[in-house]
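In the UniProt record's numbering, the protein residues as written are 1 to 112.
Below is the structure:
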């Protein structure tokens, strides 16, 4: 509602900036994208989540398989980071002991 350049006092310009907003093509594109996301993505995500929750609640023979498939993405990063840390601190092939060896330090057996 005002124009302020950082020095002096702000100048009242009213809704003048909004006239540029309405004429901007990027504004209409972003408004379309937000509306599309609101109408399609949010209800679809809700429906999929609710469906999966209902499947987990029924007595289905393959319930444990479904639980494993659904929970696997939550567990996978933990295992991946564990193996990376084990590789880094490996006494024979680890990068930490290799870097210490370059500066003349004999690296310990980090993992035990």
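Idealized CB from N, CA, C, for every residue including glycine.
- In terms of Cβ geometry, residue 56 and residue 67 form a close pair [threshold 8 Å].
- If you draw a straight line from the Cα of residue 91 to the Cα of residue 81, it comes to about 18 Å.
- The beta carbon of residue 89 sits closer than 6 Å to those of 96, 110 and 111, all from its chain and outside the five residues before and after it, given in chain order.
- Shown here, residue 11 sits in a strand according to DSSP, grouped into three states.
- Around the CB of residue 94, 16 or more other CB atoms lie within 10 Å, so the residue is classed as buried.
- Only residues of its own chain outside the window of five on either side were considered, and among them 2 and 3 have a CB closer than 7 Å to the CB of residue 11, listed in chain order.
- Within the same chain, and ignoring the five residues on either side of residue 70 in sequence, the residues whose Cβ sits closer than 7 Å to its Cβ are 52.
- If you draw a straight line from the Cα of residue 16 to the Cα of residue 46, it is about 40 Å long.
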